[in-house]
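Below: the structure, in structure tokens.
Protein chains: 2
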Amino acid sequence: MPNSEPASLLELFNSIATQGELVRSLKAGSASKDEIDSAVKMLVSLKMSYKAATGEDYKADCPPGNPAPTSNHGPDATEAEEDFVDPWTVQTSSAKGIDYDKLIVRFGSSKIDKELINRIERATGQRPHHFLRRGIFFSHRDMNQVLDAYENKKPFYLYTGRGPSSEAMHVGHLIPFIFTKWLQDVFNVPLVIQMTDDEKYLWKDLTLDQAYSYAVENAKDIIACGFDINKTFIFSDLDYMGMSSGFYKNVVKIQKHVTFNQVKGIFGFTDSDCIGKISFPAIQAAPSFSNSFPQIFRDRTDIQCLIPCAIDQDPYFRMTRDVAPRIGYPKPALLHSTFFPALQGAQTKMSASDPNSSIFLTDTAKQIKTKVNKHAFSGGRDTIEEHRQFGGNCDVDVSFMYLTFFLEDDDKLEQIRKDYTSGAMLTGELKKALIEVLQPLIAEHQARRKEVTDEIVKEFMTPRKLSFDFQ
Amino acid sequence: MPNSEPASLLELFNSIATQGELVRSLKAGSASKDEIDSAVKMLVSLKMSYKAATGEDYKADCPPGNPAPTSNHGPDATEAEEDFVDPWTVQTSSAKGIDYDKLIVRFGSSKIDKELINRIERATGQRPHHFLRRGIFFSHRDMNQVLDAYENKKPFYLYTGRGPSSEAMHVGHLIPFIFTKWLQDVFNVPLVIQMTDDEKYLWKDLTLDQAYSYAVENAKDIIACGFDINKTFIFSDLDYMGMSSGFYKNVVKIQKHVTFNQVKGIFGFTDSDCIGKISFPAIQAAPSFSNSFPQIFRDRTDIQCLIPCAIDQDPYFRMTRDVAPRIGYPKPALLHSTFFPALQGAQTKMSASDPNSSIFLTDTAKQIKTKVNKHAFSGGRDTIEEHRQFGGNCDVDVSFMYLTFFLEDDDKLEQIRKDYTSGAMLTGELKKALIEVLQPLIAEHQARRKEVTDEIVKEFMTPRKLSFDFQ
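Going down the list, the protein sequences come from chains R and V.
Following the UniProt record's numbering, the numbering of the first sequence begins with 1 at its first residue and continues without gaps.
Following the UniProt record's numbering, the numbering of the second sequence begins with 1 at its first residue and continues without gaps.
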């Protein structure tokens, strides 16, 4: 949801020019190696943001909007140019959605390839989750390091979160939590879940009490995913900041090591943004460091953190990874997921404020049926005859995309793909298959959520020791 | 201590131009009255900062450094032009120190006049403190409102603070605390004292542990001023942020209502400043609101706050007063003191890092004697003969200035002023008089400080109910 306007490309372009000058002057002067390295990293990060936003490398003599006369745009380059991804805006003009392979290159992360998936299987002795098998979690940073630690019996912990912008959560919001629960189960590690109610208060027209109550309501849906109460700590920022001897200290440490220039480059903040937004990235960064949770990890600072999240959150953690070594902490590792498409198509992220943009966790069986039949963008042909003859297009069909997320049986999914592509399966039949997967899934979620009492939420949200012993 | 460079005048000039355009466009568009009012207030505040920095009104056609050809600078205007006051920098070229009457006009505060002093005397039934009688606390905001409340038996509370930049405190640092203790005694009200160890961590080359240990050491000197343990709460930000259910919530509220443009205009931050500095003003603002201390005031938000502080802290509270009505809280009232001069003269604030710039609370009787004799800037004549004939100048004599702070007896002080001005008293005799006041004062402070045990500090710094009942 674009509550914050990204910096204009021209501003970003100018920031790069300024940062380049800084690097040159540091190199010319008597600056320390650390200072120069840090400035160079910042420059690289700004250039990455520029490339992510424009699809083109930064060229000093070529401001945005004035394509270099020498550059030769193929149709593919034009398409990629329009993908834009930051924590508030995800845009693409392609019905297939964002080009994730290109995003990996632009963000400088690594692809989750077959080899890594095999290694996870070997390390855990468990069949990899279908989100891994199907490329829904498609990108990572330092996952091999986490596996090294795990294989050497060194501890790590999981960190994920949610911005509670309303009471309403849709199925897409569950993706990181479903996967995180699987990770917690197969690795048997502690998990912290941050509810950024302070962020939502800062970005939206909400009171503190509203933002906090959304955090509690959303926590119920998260708990209903089946997290182990003895291994999971869920916290509201508004609450936990005033209850922890470690959290604020890490926030201030991070805030000392990030400049306005940096957050301007990474998040597109402007001079008109409130100082709460400007300093917020440090609050999302802090749970990446284990001593933010002294009740769990005591004063240990060396426990590696692994963050499963959607790729749009990566800018926060690029910043975090840049700061970590400068304050003596390990860099968090990451697992990135693709975006969950809106019913209307993969061009945009869903909006919690449009009830028809997705399946909500409160929808009845009837609502699910109506929404899928009425709103799910179809890759089918205009007439049955054409469909039978030429077949449907799974790459743009939202019902099929949803099935890749929620139909666990690989063989069934492959059969549906074949049948729909060949034309043997009609759009109505494909939608029926999705409805039959979603209806019990949502009903079971609702049943589990009903069992989440206020007392259970309170216990999940109480700072306490988990069932791990950190010396 | 100028750890932060003030914005260049040109930047400030440009901010005013931008803000002016914003106001015009809001007025031309469909903006609400509140939005326009808020933008106008910001514009006025920026213009005030500009005038405080340049000594001249902002003129759209006249950027700084290009004095308007029509303006007629008398010698007085030139002198005033060079006074600069913000929380990190206090500069004047006059040996008499800052021109405080002009500062009142520039900052838009009110003079503490005879009438107000009389009213304080009537309300409390106590002789006004010599800091009031002698104009050391010389400026205020809304003190009459505090007295209205007091006379109507409505509660208020005191808030002051200190930035613990080192273990060493000098006598000048005691001024706000000596006065605050008097206020607490005569009004019988709760007091909160903020130790901004987070600020010092952000601005200086300190670790968190160092900054916190300075906060605790400085708290001992503050406690030694004689505060009532049952009515006083001292807190380190680094500590209290993680212990209070109210503090962080108010910090976020304030941070939502202050933009980077505003803190840039008020504090001179730049894009290269870290996001910790940029968001810090909200942390100094938050204790102005009573629900930052639920252990004392429960959830009451309506208890007026009175802040005694040196005038250089006013920018923080101008910002606070601007935000207060927008978040539904009363504006804090203020009592402003002049600066305590360095031994070398009134042109600058003292530096805790130069041991000869003032009398430190750890100085021995001998050190006090040597420092005063050797370093205290004298308003005396070059030879005894000239001095006897023409007399000394109390207005620039630092020993005399120190006596106005620490010699309580008005008659004795007046006698010294007369004798030194006439030449009957020599510089050596004046210095002796000061030494005889300072030696027992420091010795008694040291004796009281010795009695401040770690347990006593811990109790002062524990969030707890004070001996007042707020329903």
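Using N, Cα and C, we set each Cβ at its ideal position, and we do this for glycine too.
Nothing here was measured: the structure is a model prediction, and the numbers come from that model.
- Listed along chain V, the residues sitting closer than 8 Å to leucine 238 of chain R by beta-carbon distance are Tyr248, Lys249 and Val252.
- At least 8 Å separates the CB of serine 213 of chain V from every CB of chain R.
- Annotation for histidine 140 of chain R: the continuous beta strand (DSSP E) segment containing it runs 137–141.
- Under the 8 Å criterion on CB atoms, glutamine 19 of chain R is classed as non-interfacial with respect to chain V.
- Under the DSSP definition of a beta bridge, alanine 310 of chain V partners with V/Ser337.
- In this structure, aspartate 197 of chain R lies near tyrosine 214 of chain R, with their beta-carbon atoms less than 8 Å apart.
- The beta carbon of phenylalanine 260 of chain V falls within 8 Å of a beta carbon belonging to chain R, placing the residue at that interface.
- The beta-carbon distance between phenylalanine 406 of chain V and valine 437 of chain V, rounded to whole angstroms, is 5 Å. This is short enough to meet the 8 Å contact definition.
- For isoleucine 278 of chain V, the chain R residues whose Cβ falls inside 7 Å of its Cβ are Phe260, Ile275, Ile278 and Ser279, in order along the chain.
- Here DSSP, grouped into helix, strand and coil, assigns arginine 162 of chain R to strand.
- Measuring C-alpha to C-alpha distances from leucine 158 of chain R to each of R/Ile234, R/Lys114, R/Asp454 and R/Leu403 identifies R/Ile234 as the nearest.
- Interface with chain V (8 Å Cβ-Cβ cutoff): alanine 39 of chain R is excluded.
- Secondary-structure assignment with DSSP links cysteine 274 of chain V through a beta bridge to R/Thr259.
- Following the DSSP letters along the chain, one finds threonine 196 of chain V in no beta strand (DSSP E), marked with neither H nor E.
- When Cβ-Cβ separations below 8 Å define contact, alanine 285 of chain R makes no contact with chain V.
- Where phenylalanine 227 of chain R is concerned, there is no enclosing beta strand (DSSP E), because DSSP gives it neither an H nor an E.
- The stretch 281–295 of chain R and the stretch 187–196 of chain R touch, with three or more beta-carbon pairs separated by less than 8 Å.
- In this structure, threonine 383 of chain R sits away from alanine 168 of chain R, with a CB-CB distance that is not shorter than 8 Å.
- Between the alpha carbons of lysine 331 of chain R and lysine 369 of chain V lies a gap of roughly 55 Å.
- Among the CB atoms of chain V, none fall inside 8 Å of the CB of serine 109 of chain R.
- Between serine 337 of chain V and isoleucine 117 of chain V, the CB-CB gap reaches or exceeds 8 Å.
- In the assembly as shown, glycine 428 of chain V is an exposed residue. Its beta-carbon has fewer than 16 other beta-carbons within 10 Å.
- In this structure, isoleucine 98 of chain V places its C-beta atom within 8 Å of the C-beta atom of threonine 92 of chain V.
- Counting every other CB atom within 10 Å of its CB across the protein chains shown gives isoleucine 327 of chain R a total below 16, marking it as exposed.
- Ranking R/Gly161, R/Asp142, R/Phe137 and R/Ile36 by CA distance to the CA of proline 287 of chain R puts R/Gly161 first.
- Taking 3 residues as the minimum length, the stretch 363–394 of chain V contains no beta strand (DSSP E) run wholly inside it.
- For valine 452 of chain R, the secondary structure class from DSSP, reduced to helix, strand or coil, is coil.
- One Cα belongs to arginine 300 of chain V, the other to leucine 238 of chain R, and the distance between them is close to 19 Å.
- For aspartate 86 of chain V, the enclosing beta strand (DSSP E) begins and ends at 84–86.
- Neighbours of leucine 202 of chain R across chain V, judged by C-beta separation under 9 Å: Val252, Gln255 and Lys256.
- Between the alpha carbons of valine 323 of chain R and tyrosine 240 of chain R lies a gap of roughly 23 Å.
- Annotation for glutamine 210 of chain R: no residue places its beta carbon closer than 7 Å to its own, counting only its chain and skipping 5 residues before and after.
- The DSSP-derived three-state label of histidine 170 of chain V is strand.
- Contacts between valine 263 of chain V and chain R, judged by CB atoms closer than 8 Å, involve Ile275 in chain order.
- Across the structure, proline 440 of chain V and leucine 335 of chain V are spaced so that their CA atoms are roughly 28 Å apart.
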